Every structure is written in C-alpha cells, then in structure tokens.
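Student: Under the numbering used here, the residues of the sequence shown are numbered 1136 to 1795, in order. Glycine included, C-beta positions come from ideal geometry on N, C-alpha and C. The structure displayed is predicted, hence computed values, not measured ones. Sending over a structure as structure tokens; questions will come in a sec.
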Amino acid sequence: MCGIVGYIGNKQALPILVQGLRDLEYRGYDSSGLVILDPEQSRGGGIMQRVRAVGKIDNLVAKLKDAKYPGTLGIAHTRWATHGGVTEENAHPHIAQDGGIAIVHNGIIENYRELKEKLKKDGVKFTSDTDSEVLAHLIAHYYSTPPSIPPPQGEGKAGIRSHSSPLPGSPKSVTAFGVGLRGEDKGGGENQLANAVKSALKEVRGTYGLLVVHADHPDQIIAARLGSPLVIGVAAGEHYIASDVTPMLAYTKQVTFLDDGEVAEISRDNLRISNLKDELITKPTTQIDWDQAKAQKGGYEHFMLKEIMEQPTVFEDAIRGRINMEEGTAVLGGLNISEDQMRDLKRIVIISGGTAYYAGLVGKYAFERLAQIPCEVDFSSEFRYRDPICDKKTLVYAVSQSGETADTIMAVREAKRKGAHVRGIINVVGSTIAREIGAGSYIHAGPEMAVASTKAYTNMVALLLLNAIQLGRLKHVTQATGKRMLESLLAVPAKMNEILAQAEEIKKIAKKYTHYKNLFFLGRGVNYPVALEGSLKLKEISYIHSEGYAGGEMKHGPLALVSDDFPVVAILTRNQLYEKMKSNIMEARARGAKTLIIATEGDQEASEVADDIIFVPKTMELLEPLLNTIPLQLLAYYIAVELGRDVDRPRNLAKSVTVE
Ligand code: AGP
C-alpha cells in the first residue's frame, strides 16, 4: 500500500526521491515524507533533514522549495494509513528519539503495542499513533546497546559484490520465472547499524519493507523485507531502492529483488545481503525490460486510457513465443509439474481477487471445456480461511497483476502447505507471489499504473487460455482444434484494434449514461464474467453503483429492480446462448429498462433489443472475453471522465492491496 524510495550515490538525492515518490503515487497514499542525510551536516555538525506533508506529493514539494539539501543519501515514503490517522506526525520517515536513526516502513507490525509499551518503560517518547514508529525506537535501542552477535556464517559462499557489471548470463528479459541465477560472492562483515536492525526485527511480528539510515553513517542504507516488496536498482557507484522498479527505470534496469527475511547493507559501491542470523546470501541480478517511457502516460490523459489502448500490443507480448502451431498447443516455460502429472490432475483451483478473479472465472470455462477437469475459482480472501481441499493432484493457479496481494500470498502458502501444485499467472516481474511460487508465467502486460486493471485483465485471460489449451492438448483436444484456437488468439490484437477504433463512438454513448445511479451488467456463459468485470470497472472509477449478473438469474429476483432509471448493459454476441440472452434482455425491456447491447458485428437482429449498440468482431466463444470486455472498459472510463473522477487513482482504493 505504501511506497518506499531510497537513494545512495554521487547525485543529489532530493530530486531522485521526489520523482520516485511521484512514480509510486499509483499505489495509493494519503501523506508523504523524506529524509536527506548530508555528510557535511551529519552528527557533529547537525542531524538529518526531514520534511513530511499530508495529502498529495505536491504538498511535500511545496515545503521543499527553499530546501538546500545537497545530500547524496536519502529515503522517502508515501503512506496509505493502516494504523493512525492521516496527519503529518504519522507520516514517515519516523526518527528515533536520539535523532540519529530514521526509518520508512511499508507493512503492519502486528505486535507493535507490546513493543511500544516496553519501549515506553525504557523512557522512549512516541510522537505518532503509528505501528511503524516502534521500529525506529527499537532499532535505536539495539544500536545503543548492541547485543553480542556471532560472527557471520557461511563465509566465502556469498556476501559483498561490487556491481561493476551484471552477472554473466543474467537474463535479458524475464518470461518464465523459476530459480534465479546465482552469482559469485565472497566475504561478510560487522555492521553496527545492520546488526541493530536485525536484533530489532527478531522481536517483530508482522510485515515490513523497511529502509533505515543513521546520521553517523552517511555511507549506507539498510533495507529489510518481510511480506512487503523491496527492489534494489544497481548502477556504478550508486544504488536505488524502491517498492517496485518504476522509480529506478530512468537510471538503471539491473535490479536485485529482496526476498522475505533478507537484510541488505547498501553502500555506494557494495551490496551485502544476509538473513537475520547474518548468514550471507547470493542474489541474482535481473534485467528489467520496461523503460521509463512505458511507465508514463504516453500522451494519453490518463494511465487507464493508455493501458486500455495498449491491449493489442501487450496481448501480443503475452502470447509471443508461447504458441506451437505445428503441434496445436501452447508452450509455457517455468513449469514445476511434468506432463504425466498434468494428465493425472483431478482438479484445478484458481485463487485471486477483484479483476483477477473475474479473469479466473473465464479460465474456469476454458479448463472445463478444453481439459475437462473440474475447475473452481475462489477469492483468495476466502480460500485461505476455508480449509481448502488440495492435494498432489490439484493444480492451483494464483492470478495476480501486482503479485503482492496479501490475500493471494497467504492463499498460495496454504495451497503449498496442502501439497497442491501451484503456478503463478503474474504481471510484475520478481514480485512476492512470483518468487514464492517459483513457477508459472509472466503475463507481460507492462507496468499497469491505473488502479483499475484493464490490460492486465486481458493478458491474464490470455495466459489462462494458453494453459487450458496446453492441458487440453495433453488430454482430449485435437491438434486441429488446438491450431484453430491458436489461430484465433493470433487474430485477437487486430480485432481489439477494431473495437478501440470505436472509442469516440463509445464516448458519445457513455455520456448518455452518466446521470444514472444504478446499472445492471448482464452476460451468460463465458460472458457472465465479462459482465462482472464490466460492472467492477464502472463502480471503481465512476462511483456509480452497478451489478454484474448472470442473465438467466434476473427472473429469480433482481428483475424487481429494473425500471426506466435502472438501465441494463448486456452482452449479446453470437454464440450458443444468443437466444437465451436475447430473451433476458427482452424481459428487462418489457419492464422499462434502457438497454446498451454489446453485439457481434453484422448482427442487425441485436439492434431490435438495443437502445444503444456497440459491435465487436466475431471470435471463438472462449475468446470472447478478450474482446467483449474492451467496450465495457471504455464505457466505464468515459463515464468516469465525464463525471470528473480521479480516474487513475479513484477514492478509497489502492493499486496493490498488500494488507488484509
Ligand atoms: C481491479 O480493477 C482492481 N484494481 C482490483 O480489483 C484488483 O484487480 C485486485 O485488487 C487484485 O489485484 P492483483 O491482480 O494485483 O492481485
């Protein structure tokens, strides 16, 4: 939820930190702050300089306008409140009582109350209501009274590595994820600040992405992670640290991802990584193939529109190199299961949340039709508490754009504990879920900055379809059917472009629906998940209430709501359920509902039941969600823009839900 940025190098830290915070705004936040450590002004001549502000980053920048902060080391933070209100005192960085130690933290310290009481008994005065502040004082406690730490373990296996160049054989771009490359490292070391951090973290229960600096050590940043992401960008004579890669792409694409339980001692030229027992750890360096431009708006008014428009391109990225037309099957690397084990599977479970869940529902239709294996789609937040039935003949897919959704992380751990095979379908390279599973596929949607997920949704569906084709071809699907599906997939980007070319038409239609307070979205079969996703898009960015519903279910009660001020958006594309769906639409119209219809191009019959109609190209039924969702994304977008909403960062929401 929060955003963290750190820099240590030979450039002025301030502008790097401020831009980094702006690059992380999409994660959602309510306040921000930073600390700059100026060697000339560190202890003995002054202490670190801290500035914090409530509200947008601009408020922080306004406070900095006269700042003379030449320091080349600093840490910064955007806060999304979990403990304590939105106030400047609760904003990070938090500074320990002695003024020497500053920290920024992303996560939740579950036992902060007991730690706070203990520290108060030691005379510590707290200045905030947050859980995070405990870390600053606890680290200061151990810094001033260092317990004896045994010498570093595992000498010679790993440790300090000068990053003059990437590791030989580092992957140029990351498609499937699995065990990373191990570099050659050596040595270990004594570090009073790092040891204080480790001692403190041993007392902590909860999650953290944490950066720590000390006024007496203007030559290092300590980073630690458990449950909240941290990535370290590597360049000559400098290091960048952040919650994700976006803030560092303008400077470096060589990154090292911290894993849970790891602590990094980061100086200008060295990076030493170890665990809380001070056992040294090697880490692969990953080459990220996103550039900064890709993470910017590219000329569109909002990230969301840019990302809707990007779908044909990123869809090609999702399927590139994953199609074997000769065999009529999909080629998916990064597996952790043999073909015989796949043939022997008895059950598939898809765990996810929000839009990823609706993508998963499409996967259900594909797995059951192509692989003829029972497939259950479950909210991660429910799965993990339901005592799920999983075993070695269960394949669990964790579907997540961010790869950091706390519920899905915990659901993955539960599935693994129960002995299931687990695969990820993830967008963010090196994210926690990707690394914890160690097998699966990246969806290659590129950075998705808008809170409302669009391109990641279509790419998740693409990967689920590829997985279903691969599994189906191991069982009942013929080569001819497989080839036909793959050919249809290859034709999808051009068909997406045909729909996107109607954006201005859809914008005109959208304006006719901005005054309604309620809408229904109806679909049947594989378009039922499309209706659910279309409804979520509208809700989350326009704040208009809507419900996605199975068309055949309306007569069991919801039809009572239909009237002339409760319009119905319905998907009526030419497939096996066309007549049934048309009847459902007529039921709604008979009760006064205005109907906006998504229909197959050329189908004039559909116009008979439409007040407004948007045509989409024909495709195979299982692939329809890849196309039919796009007009609904645009509909939601243009309604929200018309209503003047903060489209990219809608109220109350965050891009990545890293807390329960
Ligand atoms: C979708 O538009 C929302 N932003 C939200 O429902 C999101 O899909 C959900 O939080 C899951 O996130 P993930 O894919 O990163 O796990």
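1) Below 8 angstroms between beta carbons: does that hold for GLY1488 and SER1515?
2) What do you reckon, are the CB atoms on PRO1582 and LEU1654 nearer than 8 angstroms?
3) What do you reckon, are the CB atoms on LEU1346 and ILE1367 nearer than 8 angstroms?
4) My output table needs one value for TYR1278: the three-state DSSP class, helix, strand or coil.
5) At the level of alpha carbons, what is the spacing between ALA1237 and LEU1169?
6) Any heavy atom of the ligand AGP closer than 7 angstroms to the CB of GLU1675?
7) Report yes if the CB atom of GLN1711 is closer than 8 angstroms to the CB atom of GLU1740, and no otherwise.
8) Just to confirm my understanding: we take ALA1211, look at its own chain, exclude 5 residues before and 5 after, and list those with CB closer than 6 angstroms. What are they?
9) Does the beta-carbon of VAL1704 have 16 or more other beta-carbons within 10 angstroms, so that it is buried, or is it exposed?
10) Please report the residue range of the beta strand (DSSP E) in which THR1391 lies.
11) Work out the CA separation of GLY1565 and HIS1374 for me, nearest whole Å.
12) In three-state DSSP terms, what is LEU1302?
13) Reducing DSSP to helix, strand and coil, say where GLN1739 ends up.
14) How big is the Cα-Cα spacing for GLN1232 and LYS1260?
15) Rounded to whole angstroms, what's the CA-CA distance from VAL1697 to GLU1759? Just pull it up for me.
16) Have a look at LEU1365, ASP1542 and LEU1406 and flag the residue whose alpha-carbon is nearest the alpha-carbon of ASP1395.
17) Please report the distance separating the alpha-carbon of LEU1393 from that of ALA1359.
18) Go ahead and pull the three-state DSSP assignment for ALA1636.
19) Rounding to the nearest angstrom, what Cα-Cα distance links PRO1382 and ASP1158 in this structure?
20) Look at the alpha carbon of ALA1666 and the alpha carbon of LEU1673, and state the distance between them as a whole number of angstroms.
21) How would you call GLY1683, buried or exposed, if buried means at least 16 neighbouring beta carbons within 10 angstroms?
22) Measuring alpha carbon to alpha carbon, tell me which of LEU1671, ILE1634 and GLU1160 ends up nearest ASP1379.
23) Could you check where the beta strand (DSSP E) with PHE1656 kicks off and where it finishes?
24) Within 10 angstroms of its Cβ, does PRO1301 collect 16 or more other Cβ (buried), or is it exposed?
25) Is SER1516 helix, strand or coil by DSSP?
26) Please list, in chain order, all residues of the same chain as THR1387 whose beta carbon is under 7 angstroms from its beta carbon, the five residues on each side excluded.
27) Return yes when at least one heavy atom of the ligand AGP lies under 7 angstroms from the C-beta of GLN1536, else no.
Tutor: According to the structure shown:
1) One thing to note: GLY1488 has its Cβ within 8 angstroms of the Cβ of SER1515.
2) Cβ atoms of PRO1582 and LEU1654: not closer than 8 angstroms.
3) For the 8 angstroms CB-CB criterion, LEU1346 and ILE1367 do not form a contact.
4) Helix, per DSSP.
5) Answer to the nearest angstrom: the Cα atoms are 10 angstroms apart.
6) Yes, the ligand AGP has a heavy atom inside 7 angstroms of this Cβ.
7) Between GLN1711 and GLU1740, the CB-CB gap reaches or exceeds 8 angstroms.
8) Excluding residues within five positions, the ones whose Cβ falls inside 6 angstroms are VAL1140, LEU1152, LEU1156 and LEU1169.
9) Answer is buried; the Cβ neighbour count reaches 16.
10) Where THR1391 is concerned, the enclosing beta strand (DSSP E) stretches over 1389-1392.
11) If you take the alpha carbons of HIS1374 and GLY1565, they lie about 18 angstroms apart.
12) With a pLDDT of only 25 at LEU1302, under the threshold of 50, the placement of this residue in the model should not be trusted; the figure read from the coordinates follows. Coil, per DSSP.
13) GLN1739 falls in the helix class under three-state DSSP.
14) Cα to Cα, the separation comes out at about 7 angstroms.
15) Rounded to whole angstroms, the gap between the alpha carbons of VAL1697 and GLU1759 is 27 angstroms.
16) Out of LEU1365, ASP1542 and LEU1406, LEU1365 has the C-alpha closest to the C-alpha of ASP1395.
17) When rounded, the distance between both Cα atoms is 8 angstroms.
18) Three-state result, ALA1636: coil.
19) Taking the straight line joining both Cα atoms gives about 6 angstroms.
20) Rounded to the nearest angstrom, the two C-alpha atoms are 11 angstroms apart.
21) Classification of GLY1683: buried, given that the 10 Å Cβ count is 16 or more.
22) Checking every option, the nearest Cα to that of ASP1379 belongs to GLU1160.
23) 1653-1658 is the extent of the beta strand (DSSP E) around PHE1656.
24) Note that PRO1301 scores a pLDDT of 26, beneath 50, so its modelled location is shaky; the value from the coordinates is reported in the next line. Taking a 10 Å sphere around the C-beta of PRO1301, we find 16 or more other C-beta atoms and assign the residue as buried.
25) Helix, per DSSP.
26) Excluding positions up to five away in sequence, the list reads GLY1368, VAL1369, ALA1370 and TYR1375.
27) GLN1536 has its Cβ nearer than 7 angstroms to a heavy atom of the ligand AGP.
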